[in-house]
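Asker: Here the UniProt record's numbering is used: the first residue of the sequence shown is 1, the next is one more, and so on. We put the beta carbon where it would ideally sit given N, CA and C, even for glycine.
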Amino acid sequence: MKDASPQTIYLADYTPPAFLVGPVTLTFRLDPEKTRVISKIEFRPNPASQSDTFFLHGENLTLIRAAIDGQEVTPELSAQGLTCAVPDRPFTWEAEVEIAPAANTALEGLYMSNGMYCTQCEAEGFRKITYYPDRPDVMAPFTVRIEGREKIMLSNGNPAGRGDGWAEWHDPWPKPAYLFALVAGDLVNHPDRFTTKSGREVELNIWVRPGDEDKCAFGMEALKKSMTWDEETYGREYDLDVFNIVAVDDFNMGAMENKGLNIFNSSCVLASPETSTDANFERIEAIIAHEYFHNWTGNRITCRDWFQLCLKEGLTVFRDAQFTADMRSAPVKRIEDAIMLRGRQFREDNGPLAHPVRPDSFVEINNFYTATVYEKGAELIGMLKTLFGHDEYYKALDLYFQRHDGDAATIEDWLKVFEDATGRDLTQFKRWYEQAGTPRLSISDDFSNGTYTLTFKQETPPTPGQPQKDPRVIPIAVGLLNPNGDEVVPTTVLEMTQAEQSFAFDGLASRPTPSILRDFSAPVILEHKTDNATRAFLLANDTDPFNRWQAGRDLVLDTLLRMIRQGDAPDSAYLDALHRLIRDDTQDPAFRALALGLPPQDELAQLIHDAGAVPDPQAIWEATETLKQARAEAFQDTATRLYAQYQVTDPYRPSAEQAAARRLANAALGIINRLDGGALAQRQFDGADNMTQQLAALSALISAGKGDAAVARFYDQWKHDRLVIDKWFAIQIQNAAPQDAAPRTKDLTQHPDFTIRNPNRFRSVLGALAGNSAGFHHASGAGYALLADQLVALDPVNPQTTARMCTAFETWARYDATRQAHARAALERILATPDLSRDTTEMVTRILG
Ligand code: PHE
Ligand code: ZN
1 MKDASPQTIY LADYTPPAFL VGPVTLTFRL DPEKTRVISK IEFRPNPASQ
51 SDTFFLHGEN LTLIRAAIDG QEVTPELSAQ GLTCAVPDRP FTWEAEVEIA
101 PAANTALEGL YMSNGMYCTQ CEAEGFRKIT YYPDRPDVMA PFTVRIEGRE
151 KIMLSNGNPA GRGDGWAEWH DPWPKPAYLF ALVAGDLVNH PDRFTTKSGR
201 EVELNIWVRP GDEDKCAFGM EALKKSMTWD EETYGREYDL DVFNIVAVDD
251 FNMGAMENKG LNIFNSSCVL ASPETSTDAN FERIEAIIAH EYFHNWTGNR
301 ITCRDWFQLC LKEGLTVFRD AQFTADMRSA PVKRIEDAIM LRGRQFREDN
351 GPLAHPVRPD SFVEINNFYT ATVYEKGAEL IGMLKTLFGH DEYYKALDLY
401 FQRHDGDAAT IEDWLKVFED ATGRDLTQFK RWYEQAGTPR LSISDDFSNG
451 TYTLTFKQET PPTPGQPQKD PRVIPIAVGL LNPNGDEVVP TTVLEMTQAE
501 QSFAFDGLAS RPTPSILRDF SAPVILEHKT DNATRAFLLA NDTDPFNRWQ
551 AGRDLVLDTL LRMIRQGDAP DSAYLDALHR LIRDDTQDPA FRALALGLPP
601 QDELAQLIHD AGAVPDPQAI WEATETLKQA RAEAFQDTAT RLYAQYQVTD
651 PYRPSAEQAA ARRLANAALG IINRLDGGAL AQRQFDGADN MTQQLAALSA
701 LISAGKGDAA VARFYDQWKH DRLVIDKWFA IQIQNAAPQD AAPRTKDLTQ
751 HPDFTIRNPN RFRSVLGALA GNSAGFHHAS GAGYALLADQ LVALDPVNPQ
801 TTARMCTAFE TWARYDATRQ AHARAALERI LATPDLSRDT TEMVTRILG
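1) For the candidate residues 138, 207 and 114, whose alpha-carbon lies nearest to that of residue 154?
2) Should residue 4 be labelled buried (16 or more other beta-carbon atoms within 10 Å of its own) or exposed?
3) Do you know whose CA, among 643, 651, 660 and 658, lies nearest residue 668's CA?
4) Between which residues of its own chain and residue 1 is the CB-CB distance below 6 Å, once the five residues before and five after are set aside?
5) Which whole-angstrom value describes the C-beta separation of residue 420 and residue 399, a residue pair presumed to lie in contact below a C-beta threshold of 8 Å?
6) Which of the three DSSP states, helix, strand or coil, is assigned to residue 214?
7) In this structure, how does DSSP classify residue 818 when only helix, strand and coil are distinguished?
8) How about residue 340: is its Cβ closer than 7 Å to a heavy atom in the ligand PHE?
9) Looking at residue 725 and residue 772, is the spacing between their C-beta atoms short of 8 Å?
10) If I measure Cβ to Cβ from residue 896 and keep anything under 6 Å in the same chain, skipping five residues before and after, which residues do I get?
11) Quick check on the DSSP output: what are the complete beta strand (DSSP E) runs of length 3 or more inside the segment 420-476, in order along the chain?
12) Would you be able to state if there are at least three C-beta pairs under 8 Å between the segment 300-315 and the segment 269-289?
13) Return yes when the C-beta of residue 308 is under 7 Å from any heavy atom of the ligand PHE, and no when it is not.
14) Along the beta strand (DSSP E) that carries residue 652, what are the first and last residues, could you check?
15) What's the C-alpha gap between residue 439 and residue 124?
16) For the alpha helix (DSSP H) that contains residue 646, what are its first and last residues?
17) Is the Cβ-Cβ distance between residue 57 and residue 10 less than 8 Å?
18) What three-state label does DSSP hand residue 332 in the structure shown?
19) Give me, in chain order, the residues of the same chain whose beta-carbon lies closer than 6 Å to that of residue 511; leave out the 5 immediate sequence neighbours on both sides.
20) What's the C-alpha gap between residue 16 and residue 134?
21) Based on the DSSP output, what are the partners of residue 171 in its beta bridges?
22) From residue 515 to residue 480, what does the alpha carbon distance come to, in whole angstroms?
23) Within 10 angstroms of its Cβ, does residue 12 collect 16 or more other Cβ (buried), or is it exposed?
24) Of the choices 232, 357, 275 and 611, whose alpha-carbon is the least far from that of residue 654?
25) Considering just the uninterrupted stretch of the beta strand (DSSP E) at residue 159, what are its terminal residues?
26) Just to confirm, are residue 435 and residue 460 a CB contact at a threshold of 8 Å?
27) Under the criterion of a Cβ to heavy atom distance below 7 Å, does residue 843 qualify as lining the ligand PHE?
28) Under the three-state reduction of DSSP, which class applies to residue 728: helix, strand or coil?
29) I'd like to know whether the C-beta atoms of residue 517 and residue 560 end up nearer to each other than 8 Å.
30) Taking only runs that begin and end inside the UniProt domain "Aminopeptidase N-like N-terminal" (27-179), name each unbroken alpha helix (DSSP H) of 4 or more residues, in chain order.
31) For the alpha helix (DSSP H) containing residue 377, name the first residue and the last one.
32) Name the two residues that bound the continuous alpha helix (DSSP H) containing residue 245.
33) Starting from residue 208 and walking both ways along the alpha helix (DSSP H), at which residues does that stretch end?
34) Just curious, the beta strand (DSSP E) that residue 192 is in, first and last residue?
35) For residue 806, I'd like the list of residues in its chain whose CB is within less than 7 Å of its CB, leaving aside the five on either flank, ordered along the chain.
36) What does the alpha-carbon distance come out to for the pair residue 105 and residue 360?
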């Protein structure tokens, strides 16, 4: 049922729940069309609440029966839930409802995926399962009985018995309803064990559909590494006798941290060398870690309300990034995260969807699982660690776990812990949680009498609803190099607190070259007007790997922008500096591969827009192509040598070392491919025995215009494997030239394997279109129109995924009048769709501004 008028919910309106919940007992009688859910819940009035209104959330439920203390009652029903007269003392609530999991295509609540029952309750899905106070500050232990014919029937917590046609589970840890989960189906497991540091024996399982058993080993290793890492790094142990992970094909997000029963999008857990790329392996390891880490940062300590989402997500993303940095290469992880942050979060922060890390209002909470809440949220934790240092950070975290275990907490609680542990005042730091927008940091410097002075100015442009911004505390990590390239001042964290502020370094023999914002110490945009000679110097000499990479990125941005704006030729100083770096075999191959990466075209568009001009996506694409061609001509011999030298001859392993070699060799392939008409790519495609090599070759063949046969062969080889076919759809669109992208996408939506029912498949096609910047923003408007058609079709099926995909339009106002008119027409057409979901209505309305 849809709301007539979507309501805005405000953080300022928070009130404690009127009733608290004791033990919850649920019985499920499974049936695809009519599942019965029988609940028995102990309620008691909350002394901390002024209200005595008994309201339970409930949506799309058929109420069969309700009783209080055994007496039948007739509650008053609405589209949002029910109210009922209740006694002014503890009482037992019982209800029986009917739901239809097979008809649930929104994938929220109890639904079916390939004949298997599964649930998704975050954020507000539990209310689609039964009547309940579905808010995270209401926590209770759950006992669950599942009745059905399924071979495997799982819920949260520990197994509490099973027999013919039933299984029972008991979760002793009080939890909010959003962490509830149930899975039932004919699943098979990949089992293992783990002994915690205090000696608890934990049974581990990854549950999959028959046929996927051989894709679980890597995920299991990642899980065990995560469990050990959290014990060693944060002193956090697992707290149940079993930890289950289930892979499902139809899932709106990546994965979900339900207590003791994590549910994963199959693309985020299933892995094998033949079907997964090195990047997939790294991502799977990180997501398994992320969900596991939520057991403490999310489950044992949860959020008071959904405005506090970054409390669990920012911290858990930060923890999983630390884990990846420890398991693999810390600089590579940091560089990849910065690329991602700039590509997604800066874009969000600079457009109509900008919102604070802790928003103060929302219409649909599902629309706030954003790069700002997650990735910028993680950056804020990183800044706290940079400001206070390793020891104080872990001291504060120990206090956080000690003080708030079992709580539904707030950002105020979190900051208070840091204040109490460090004795510092975080009033100004809190602005990072409250103010949207990315600060711009401009720099000037001066050298006289041996003293070098750096002056910084910070400024944050207005964002929707926040015209004025106050200065924030910014940790700026700086090092100084002398003209020989030696470091004369090692990394020092400057604590900027004012709008404009100077920092002096004295006792210097000559004017140093500064290396600023080392390791990307704050999520800000550096407006550093320096020359290319300095950038080349830093690329060669900086001791900070992040800033060495950044210097290379600044060089390539500079040449690309001059090519786009002035029609300049590719800068030879840039080509020389990059060539020197990639030839140098003492350098990490992963670092060289990263240095060969080009900035996303969308980021170039943003830079041009920020400088007050109107970006032309076609011109940006052409400049990028020209630069690639110039690099190919300049680097041909080196690329040929690197390709041969970095071939991996050992059997495939998804290790950081092997992945780095493949990454550099495949970057070299991309260079050679522009000159040999796809010959080398064809050889690699024909001989590939793993997906990393096969997909890199396929991508090269398509961009060389020689992909047809390989595309057909790839499909034939993999048509039985959903996740590989997702890659097959995406790669054809990612590599399409601007004018071909929308027509190619349209063709692929007619393919028999395309379906809007599966979010992975939808994203692999339409998400790939949105990611092809010059193709999606083509002046014809075909990209916009096609995406609008598909979103209109998807909205009644799956509002959550529809609303997320609307973000493809968030940059529309950057472009010229013709493109704007096409985009506006597409957006208005979506908005005019009868019965449009609350999710999509909110997103399109905000994007239109
Ligand atoms: N809480 C999940 C995570 O970050 C993400 C998620 C949100 C999944 C909402 C499903 C629905 O790990
Ligand atoms: Zn998370």
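Answerer: Reading off the structure:
1) 207
2) Low confidence applies here, because residue 4 scores a pLDDT of 49, under 50, leaving its location unreliable; read the following figure in that light. With fewer than 16 other Cβ atoms within 10 Å, it is exposed.
3) 643
4) Note that residue 1 scores 40 on pLDDT, short of 50, meaning its location in the model is unreliable; the coordinates nonetheless yield the value given after this. Once the five neighbours on either side are set aside, the close Cβ partners of residue 1 are 79.
5) 7 Å
6) helix
7) helix
8) no
9) no
10) Residue numbering for the chain in the displayed model covers 1 to 849; residue 896 lies beyond these limits and cannot be assessed.
11) 440-448 and 451-459
12) no
13) no
14) First-last for residue 652: undefined, no H or E at that position.
15) 33 Å
16) Looking at the DSSP string, residue 646 is not in any alpha helix (DSSP H), and its letter there is neither H nor E.
17) no
18) helix
19) 447
20) 13 Å
21) 142
22) 6 Å
23) exposed
24) 275
25) 158-163
26) yes
27) no
28) helix
29) no
30) none
31) 377-404
32) Unbroken run through residue 245 is the beta strand (DSSP E), 242-248; no alpha helix (DSSP H).
33) That residue, residue 208, is in no alpha helix (DSSP H); its beta strand (DSSP E) goes 201-208.
34) 188-195
35) 791, 840, 843, 844 and 847
36) 30 Å
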